[in-house]
Structures are given as structure tokens and as C-alpha cells.
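Report on one structure; see the data block that follows.
Protein chains: 2
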Amino acid sequence: MTQRPPGGGPDQATAADRIRASGRRMTVQRRLVLDALQRARHHTTAEDVAARIRRQLPQIDPSTVYRNLEALESLGYVTHTHFEDRVTRWHLADERRHGHLVCRSCSAEIEVPMTLLEPLARRLRQEHGFEADLAHSAVVGLCRACAPAAAR
Amino acid sequence: MTQRPPGGGPDQATAADRIRASGRRMTVQRRLVLDALQRARHHTTAEDVAARIRRQLPQIDPSTVYRNLEALESLGYVTHTHFEDRVTRWHLADERRHGHLVCRSCSAEIEVPMTLLEPLARRLRQEHGFEADLAHSAVVGLCRACAPAAAR
DNA sequence: GACATCTTGCGTCTTGCTCGCAGTCGCGAC
DNA sequence: GTCGCGACTGCGAGCAAGACGCAAGATGTC
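Chains as they are written, first to last, in this note's numbering: chain V, 1 to 152; chain R, 1001 to 1152.
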């Protein structure tokens, strides 16, 4: 957390300014990564971002996408969270922060408000001095539909 | 959860019986995987398990280790949890269940009692009908030592 | 417009893990 | 003790996500 996340919405003009102010450059590719994440709303894989950009810029390289996601994350524009599979999911950081539940059985993804997770974060801070980032990893388990079947 | 985890300790004789009872076989390799996990106590990678076994059985193959970990997990002898990196960590299932905190900065691993996580699990169950397995994924964040430095 | 340097695309490599297959070996039956 | 079924192993190959180094190109400041 060397950079503070942007305050307002994902305004492209502001984003460009902030990116330039940090000594980085606003390139076509970088703008398209931001674009793609905005259009996808959330929980997109790097591969999906690349696919979206490819419609407008066919020669985009996967490694460029990875590097840009990383760069935008270090500027606080983007965050990633780990779901059950090995794939990292990315989304815009300025969306309302939320936690993720993911069903082990049907892979359903459920968003939960951070207020639900806050009490745990508070206890971890108080009892272990640990600053938890509970939005970062999905909570694995069984959803309402799958839990009864698995209980048998 | 088709299999119930074994009740007692990781007794090799009992393990062998249960494994045979399930129609599987107790092979040298399988015994050594169990052995290695017992000796490592917890949070071992498949690669580490393979390395330990290699001292006694040099020709052990990584895929054999993966297959055995999976087989032992389906019998309830072993569980895995996901840490921050891409590597899956394995440990014996009969150890006292606990949660994991992992520091994003120094990679320190902290174990916390399940009682700490229980309130969250209860709320997820009540409010979302979601049966969370909070031991399955580590909580990512910053440990007591690293948090102050990062806050600047 | 020139120039320093950040960024891209490309090729290659690494890591963690999976799969198919042929041969091996555990274990219950006789 | 030995037989035979089939679970299991080792091996080779493969896969997907992602990292890395480098030369060429683009960006933004002066």
C-alpha cells in the first residue's frame, strides 16, 4: 500500500493524470485494460481481459495485460482476489469493497458486504495484530443449494 | 464429504485397515506420504512431501505423490489449504482444525484457533445458508511486524 | 523536435499439476 | 503357497498461468 487508491470513480481522464503523476505513462493498452475491467464490472480473469481487448487491438500480448494489471494495482486502481481455482480474478478497486463466497460444488460466486467480515478483521487486529485483507481471498464452502446434498 | 474423517490419531495400522476397507491398497508409497505428512506436522507442499520420501525411495514420482494426497484426502486423512502463492499446502486432517493467517509482506504463517473464525461461519450460515470451510483458505494480510511499515 | 526512459510484443522459460499408458504389485480367494 | 484381478506406480508428455529478458517502439518533458 504505497499508493492510496483513487477517491472518485474510474474516470479515465483522472486515471491518466494520476498515472502520469506517478511517473508512468498512459498507453493505449493500459487504457484498454482499464476499459475492459470497467465493462466486465468485476471478477475477470487476465485471460478474459486480454480477450476483450483483442477485439479492438488484436496484437495485445498476454504479458502486457499481466504487467498492466500489476501496474494498475500498485496505483490502487485495481485489485485481485483468489478464488477456488488457481486463476486470479481482477476488478476495479473503486467498486464497493466486498467479500466473496464461492461454492466448492457448483462454483457459484456470492458477494457479501464487508460489514459481515469486519468483526473477524477486528478480532484479528486486536488479538493478533494482524491487518487482514478479507476481500483478497474467497471463502470456500457449500452454498445454500449444495449444502443439503453434501450433508448426506 | 462422502467419507468421514478417521476418529483417532494417525495410527498407521488403523489407516491401512481403513484404506483397505475402502477398496484401496496400502502401498509403500502411500505409507510414505502419510509418514512424511506426520513428520512435517503441517503446511507442507507436495514437492516437499516428495523430497522427504525421496530419501527413502529415490524413484518416487511427483505424480504419485499428487495422486496419493488426493486419495488420502478423499478418505479424510488429509486436507489441503490454499495460501497466498499458487502452491497447495497439505496436512493431516486429524490435527486440531485451525485457520491460517499469512502475511503478504514477510510470508509469515500464523495459526489461529477455529473458535476465532466460528462467529463468521455462523453468520454466513444464518444469513446466506452458506457452509463455509474457513480452514480451507488462508486469510491474507499484514502481520504485527509488517503492518506498521506498510501503513506509512 | 530531440531525447530519456517507460512500455510493448515476442520468444522463451518456469512452476505446479494432470493425464495416458504399460508394467508392477497388493491382497483376497482358493 | 500361488493365482489373478485390478489398483497403483513410474514415465513421458502435456497443459495453463504467469514471469522474464530483450530489442523496438511510444510517450511525455524540455
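Glycine is no exception: its CB is placed at the ideal position from the N, C-alpha and C atoms. Nothing here was measured: the structure is a model prediction, and the numbers come from that model.
{"query": "In this structure, does DSSP put residue 1131/R in helix, strand or coil?", "result": "strand"}
{"query": "Is residue 1141/R closer than 8 Å to residue 130/V when the C-beta atoms are compared?", "result": "yes"}
{"query": "Beta-carbon within less than 7 Å of residue 26/V's beta-carbon, same chain only, minus the 5 sequence neighbours each way: which residues are those?", "result": "16, 19 and 20"}
{"query": "So if DSSP puts residue 1137/R in a beta bridge, which residue, or which two residues, is it bridged to?", "result": "1082/R"}
{"query": "Output, in chain order, the set of chain R residues within a Cβ distance shorter than 9 Å of residue 221/V.", "result": "Because chain V spans 1 through 152 in this model, residue 221/V falls outside it and cannot be assessed."}
{"query": "Could you tell me the distance, in whole angstroms, from the CA atom of residue 1048/R to the CA atom of residue 1040/R?", "result": "9 Å"}
{"query": "Determine, using beta carbons only, whether residue 1132/R comes closer than 8 Å to chain V.", "result": "yes"}
{"query": "Are any of the Cβ atoms in chain V nearer than 8 Å to that of residue 1119/R?", "result": "yes"}
{"query": "Does any residue of chain R bring its CB to less than 8 Å from the CB of residue 124/V?", "result": "yes"}
{"query": "Report all residues from its chain with a CB closer than 7 Å to the CB of residue 75/V; omit the five preceding and five following residues, and keep chain order.", "result": "3, 18, 19 and 22"}
{"query": "Considering only their Cβ atoms, is the gap separating residue 1082/R from residue 1137/R smaller than 8 Å?", "result": "yes"}
{"query": "Which partner residues of residue 53/V appear in the DSSP bridge assignment?", "result": "Answer by DSSP bridge pairing: none, since residue 53/V is not bridged."}
{"query": "Verify the CB distance criterion: does residue 41/V have a CB-CB separation below 8 Å to chain R?", "result": "no"}
{"query": "Determine which residues share a DSSP beta bridge with residue 1111/R and list them.", "result": "1100/R"}
{"query": "Report the neighbours of residue 1101/R on chain V: residues whose CB is nearer than 8 Å to its CB, in chain order.", "result": "124, 128, 130 and 132"}
{"query": "Using a Cβ cut-off of 8 Å (strictly closer), state whether residue 1143/R contacts chain V.", "result": "yes"}
{"query": "Between which two residues does the alpha helix (DSSP H) holding residue 39/V run?", "result": "28 to 40"}
{"query": "Against residue 1147/R, what residues of chain V qualify as contacts under a CB-to-CB distance less than 8 Å, listed in chain order?", "result": "129, 130 and 131"}
{"query": "Does any residue of chain R bring its CB to less than 8 Å from the CB of residue 112/V?", "result": "yes"}
{"query": "Measure from the C-beta of residue 1116/R to each C-beta in chain V and report whether the shortest distance is under 8 Å.", "result": "yes"}
{"query": "CA-CA distance, residue 1038/R and residue 31/V?", "result": "51 Å"}
{"query": "What are the partner residues of residue 92/V, as DSSP defines its beta bridges?", "result": "78/V"}
{"query": "Grab the span of the alpha helix (DSSP H) containing residue 147/V for me, first residue to last.", "result": "147 to 151"}
{"query": "Select from 1057/R, 1065/R and 1056/R the residue whose C-alpha is nearest the C-alpha of residue 1044/R.", "result": "1065/R"}
{"query": "To the nearest angstrom, how far is it from the Cα of residue 1122/R to the Cα of residue 146/V?", "result": "17 Å"}
{"query": "Check the DSSP bridge columns for residue 44/V and list the partner residues they point to.", "result": "90/V"}
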